[in-house]
Amino acid sequence: MEKKQLTGKWKQLGTHTELFEWAASRLCTTKDEFDAVGERELVVLQVFESKEVNKTKEASFGMVLSCKKLLRNFLTAAAYGDLVSISCDGTYRLTDAGWTLINLGVVGVIYDEKERQFHQRFYPCAFGFVRTECELAYEALFKSVNRCVYNCLGMELKPTVGAADHAVCIAAALGKAWPEMVFVTCWPHVSRKCLATKKKSMLSDKEFLVSVVKTDINSLYKCTSYKHFKALSAKLMTKWRNKGEARYADWFTDTYLTAPFDSWFVGASTLPGSLPQQQGIESFHKSIKAHMGLYLRAAMVYFLEFSMGQILHFCCAHRAPEEIRPFAEAPLLHSQLTKAKAITLDTTKFYVVQTQCLQTFYINRKDHFDQRVTKALTKRYDKAQDQSLYRVRVSAKIKFEKLRALPKVNSDTAQLFRKKYSCECKAYVMSGWVCSHVLAAAAIKQHLNIDEIQAGIPHRRRPGRPRKELSCLVRDSLEAAEGDDTRSTGPTARLKRHLEKYPSEAIGYKALHRFKTSLPESPKEFQISCFSGVVTSVQADNKPVTWTITFTDADSHDVEVDELVTDITMATSRHI
């Protein structure tokens, strides 16, 4: 090897002709050529060039890369009859020429036993290596993948859901390649951009982002259908304009409430197990850059000859499993079973509507757990006039015997269970098959014995050394020094400081307020009575700030921050 090659001054493949010369010996366009290559051997599916000049006044060209084992991820994802979810995005700063590596793959669900959580995992299938990221590059990638999968694997690729960030070129190319596919955008991108510091220049009230926008866009994200999303967004935009923030409301409407970039809420995807996010593919970008190590921003030929081969070997070893599904085998969690049991024990927390082929359970959300679910409330929810319920649908066509108390629910049982029961909440969409609401419905239908399963779950203490209890003298001294610095570092003081900074985050918290009430038999004598309620609103413009607590009998009471902290602490300590 020459010295100039060691210093990284290799040929940069600056023209379409030079790129085609390098790819000629690796082109794979027919089934015979596809069968002749090795499982992990780099193949070029297409070399393309754009005749149109983009904004940078440079012609765009590139090629589509993959290998036999990664292309079979499409077959693996559709092998069991489940619908396919794809994701696409580009990663940068891999070569010194500034080219972009576009990643296209399928999304599956895995269960992390250490964290006891479900995660979406990205499995790459093909790559586009392009000079300029544009609509033509994505169109060439999607068309070549469609053609290769059909000719070489004998499968017609019809993804159900496609996820991408807020990029017009990706959305347009996905719509042309698969017109019937549901397109979803990235919720973390929306949250990050809307709450960015530079957006304060649009606001007349600089605290509007934290006090109002943060809570409102979280409410929009939790919407379970497009009808609910549109109805709630119209109300919130009217509220923002009435508060004098019309400029910010107009920007938000044009950017995130206009098609195709208005599908970033939980119910945007029609496929359980596919949330509107790009966390899986972003994690994949980070892992391949960490695997390349010191060879980031290498010369073009070095990247194609060596680094791209390392990326393919890494993906074949860690991102080409035998099963890719929109749900995962997992044990039933104790927290979900506890919530499900609380729902089944109180008939006011759910309402059942029965038809010939479908049974629907309407269940309270966490923030409205104390309200009574009535027929009128369910009709308001169906008309998108209420956001306080979740809908669990039970199919009468699917026969399901009983969910047994096993250490882990296997994939066949989970697949049958998700066909029988479906929910609209985020936990169900994340896992693809289970949440506390479907477990409650299964328990009511006698397809699940919660006590039996809870008895079989092994319990262990929390990891780490137990916290040492304070002696009575220390506790008394802390209570006596209420205004001293010794109390300013406790959880009560931290909660007070947090609510003073973010008043709207107290909304939805349970509160236990104490009133002085008279005895019925002797009106002149008084006693202290406690009443439970929920924080429903905040008057942030008042001096001092006040919060409204609404009780179960529909009465309300306004409190200041010290009373609110005491009420929330009392409710939490008594597990209300």
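Residue numbers (UniProt numbering): 1 to 576.
Yeah, the Cβ is synthetic: ideal placement off N, Cα and C, and Gly gets one too.
1) Would L203 pass as a contact of E245 if the rule is Cβ separation under 7 Å?
2) Can you tell me whether C357 is buried or exposed, with buried defined as 16 or more other CB within 10 angstroms of its CB?
3) Going by DSSP, name the residue or residues bridged to N364.
4) Given 8 Å as the limit, is there contact between the region 236-245 and the region 259-274, that is, 3 or more CB pairs closer than that?
5) To the nearest angstrom, how far is it from the Cα of Y256 to the Cα of A299?
6) For S191, which residues does DSSP report across the bridge?
7) Report, in whole angstroms, the separation of the C-beta atoms of F327 and P260, which I expect to be a contact under 8 Å.
8) With a floor of 3 residues, list each beta strand (DSSP E) that falls wholly inside the region 94-123, ordered by position along the chain.
9) Taking only the alpha-carbon atoms, compute the straight-line gap between M570 and G508 and give it to the nearest angstrom.
10) Alpha carbon to alpha carbon, what distance is there between K375 and T238?
11) Going by DSSP, what residues sit across from G62 in a beta bridge?
12) Are G128 and V64 closer than 7 Å when you measure CB to CB?
13) Can the beta-carbon of W187 be found less than 7 Å from the beta-carbon of Q277?
14) Look up K516 in the DSSP assignment and give the residues it is bridged to.
15) May I ask which residues mark the beginning and end of the beta strand (DSSP E) holding C423?
16) From the DSSP secondary-structure annotation, give me the bridge partner or partners of K510.
17) Taking 8 Å as the limit between beta carbons, can you name the residues of its chain near P124, skipping five residues before and five after?
18) Pick out the complete alpha helix (DSSP H) segments inside the region 310-367, 4 residues or longer, and give them in chain order.
19) Taking only runs of the alpha helix (DSSP H) that begin and end inside the region 240-266, which ones reach a length of at least 4 residues, in chain order?
20) In whole angstroms, give me the CA-to-CA distance for S50 and A173.
21) Check whether the Cβ atoms of T185 and S263 lie closer than 7 Å to each other.
22) K366: which of K383, K402, I343 sits nearest, CA to CA?
23) T546 bridges to which residues according to DSSP?
24) My output table needs one value for F369: the three-state DSSP class, helix, strand or coil.
25) Just verifying my parser: in three-state terms, what is the DSSP assignment at V43?
26) May I have the straight-line CA-CA distance separating I457 from T566, to the nearest angstrom?
27) Going by DSSP, which residues form a beta bridge with L271?
28) Apart from the five residues on each side of it in sequence, which residues of its chain come closer than 8 Å, Cβ to Cβ, to L153?
29) Report back the beta-carbon spacing between S532 and T517 to the nearest angstrom; my notes put them in contact at under 8 Å.
30) Can you give me the C-alpha to C-alpha distance between V107 and S25, rounded to a whole angstrom?
31) Out of F400, D412, E401, R393, state which residue places its alpha-carbon closest to the alpha-carbon of V438.
32) Using DSSP with H/G/I as helix, E/B as strand and the rest coil, what is T91?
33) What separation, rounded to the nearest whole angstrom, lies between the Cα atoms of T15 and P179?
34) Q537 and F515 look like a contact to me (Cβ under 8 Å); what is the Cβ gap, rounded to whole Å?
35) For A163, which three-state DSSP category applies?
36) Would you please state the rounded distance, in angstroms, between the beta carbons of A164 and C88? I believe it to be under 8 Å.
The answer reads as follows:
1) Counted from its first residue, the sequence shown places residue 203 at position 203. Counted from its first residue, the sequence shown places residue 245 at position 245. Going by C-beta atoms, L203 is nearer than 7 Å to E245.
2) Taking the sequence shown and counting its residues from 1, one reaches residue 357 at position 357. Counting Cβ neighbours within 10 Å, C357 comes out exposed, since fewer than 16 surround it.
3) Residue mapping note: residue 364 aligns to position 364 of the sequence shown, counting from 1. Looking at the DSSP assignment, N364 forms a beta bridge with L389.
4) No, the region 236-245 does not touch the region 259-274.
5) The count along the sequence shown starts at 1 and reaches residue 256 at position 256. The count along the sequence shown starts at 1 and reaches residue 299 at position 299. Take the alpha-carbon of Y256 and the one of A299: they are about 39 Å apart.
6) As a first step, residue 191 is located in the sequence shown; it is residue number 191 there, counting from the start. Paired residue(s): none; S191 is not in a bridge.
7) Along the sequence shown, read from residue 1 onward, the residue named residue 327 stands at position 327. Along the sequence shown, read from residue 1 onward, the residue named residue 260 stands at position 260. About 27 Å separates the two Cβ atoms, so there is no contact after all.
8) For the region 94-123, whole beta strand (DSSP E) runs of length 3 or above, ordered along the chain, are 100-112.
9) In the sequence shown, counting from the first residue as 1, residue 570 sits at position 570. In the sequence shown, counting from the first residue as 1, residue 508 sits at position 508. One C-alpha to the other measures close to 15 Å.
10) The residue you call residue 238 lines up with position 238 of the sequence shown. The residue you call residue 375 lines up with position 375 of the sequence shown. Linking T238 to K375 through their CA atoms gives a straight-line distance of about 29 Å.
11) The count along the sequence shown starts at 1 and reaches residue 62 at position 62. Partner(s): F48, V130.
12) By 1-based counting over the sequence shown, the position of residue 128 is 128. By 1-based counting over the sequence shown, the position of residue 64 is 64. If you check the CB distance, G128 and V64 come in under 7 Å.
13) Working through the sequence shown from its first residue, we reach residue 187 at position 187. Working through the sequence shown from its first residue, we reach residue 277 at position 277. For the 7 Å CB-CB criterion, W187 and Q277 form a contact.
14) Along the sequence shown, one-based indexing puts residue 516 at 516. K516 pairs with I528.
15) Position 423 of the sequence shown holds residue 423. Element bounds for C423: 421-423.
16) For the purposes of this step, residue 510 is taken as the residue at position 510 of the sequence shown. Bridge partners of K510 according to DSSP: V534.
17) Here residue 124 corresponds to residue number 124 of the sequence shown, with the count starting at 1. Cβ neighbours of P124 within its own chain (closer than 8 Å, five residues either side excluded): L70, N73, N103, L104, G105, F284, C315, R319.
18) 334-344, all fully within the region 310-367.
19) Counting whole runs of 4 or more residues, the region 240-266 contains the alpha helix (DSSP H) stretches 246-256.
20) On the sequence shown, residue 50 is found 50 positions in, with the first residue counted as 1. On the sequence shown, residue 173 is found 173 positions in, with the first residue counted as 1. Straight across, the Cα-Cα distance linking S50 with A173 is about 14 Å.
21) Translated into positions along the sequence shown, residue 185 becomes position 185. Translated into positions along the sequence shown, residue 263 becomes position 263. Taking 7 Å as the Cβ cut-off, T185 and S263 qualify as a contacting pair.
22) Here the question's residue 366 lines up with position 366 in the sequence shown. The option with the nearest alpha carbon to K366 is I343.
23) Stepping through the sequence shown from its first residue, residue 546 is reached at position 546. For T546, the beta-bridge partners assigned by DSSP are Q539.
24) Against the sequence shown, residue 369 aligns to sequence position 369. Three-state result, F369: coil.
25) Sequence index remark: in the sequence shown, residue 43 carries index 43 (1-based). In this structure, V43 counts as strand in the three-state DSSP scheme.
26) Within the sequence shown, numbered from 1, the residue matching residue 457 stands at position 457. Within the sequence shown, numbered from 1, the residue matching residue 566 stands at position 566. C-alpha separation (whole angstroms): 35 Å.
27) Along the sequence shown, one-based indexing puts residue 271 at 271. BP columns for L271 are empty, so no partner.
28) As a first step, residue 153 is located in the sequence shown; it is residue number 153 there, counting from the start. Excluding the 5 residues flanking it on each side, L153 has same chain C-beta neighbours closer than 8 Å at L71, R72, F74, L75, in chain order.
29) Position 532 of the sequence shown holds residue 532. Position 517 of the sequence shown holds residue 517. Not quite, the Cβ-Cβ distance comes to about 15 Å (not below 8 Å), so this is no contact.
30) Along the sequence shown, read from residue 1 onward, the residue named residue 107 stands at position 107. Along the sequence shown, read from residue 1 onward, the residue named residue 25 stands at position 25. Looking at the two C-alpha atoms, the distance is approximately 32 Å.
31) Here residue 438 refers to the residue found at position 438 of the sequence shown. Minimum Cα distance to V438 is reached at R393.
32) Here residue 91 corresponds to residue number 91 of the sequence shown, with the count starting at 1. It is a strand residue.
33) For the purposes of this step, residue 15 is taken as the residue at position 15 of the sequence shown. For the purposes of this step, residue 179 is taken as the residue at position 179 of the sequence shown. Between the C-alpha atoms of T15 and P179 there is a straight-line separation of about 33 Å.
34) If you number the sequence shown from 1, residue 537 lands on position 537. If you number the sequence shown from 1, residue 515 lands on position 515. This sequence places Ser at residue 537; Gln is not what is there. That pair is no contact at about 20 Å.
35) The sequence position of residue 163 within the sequence shown is 163, counting from 1. In the structure shown, A163 sits in a strand (DSSP, three-state: E or B).
36) Stepping through the sequence shown from its first residue, residue 164 is reached at position 164. Stepping through the sequence shown from its first residue, residue 88 is reached at position 88. That pair is a contact at about 5 Å.
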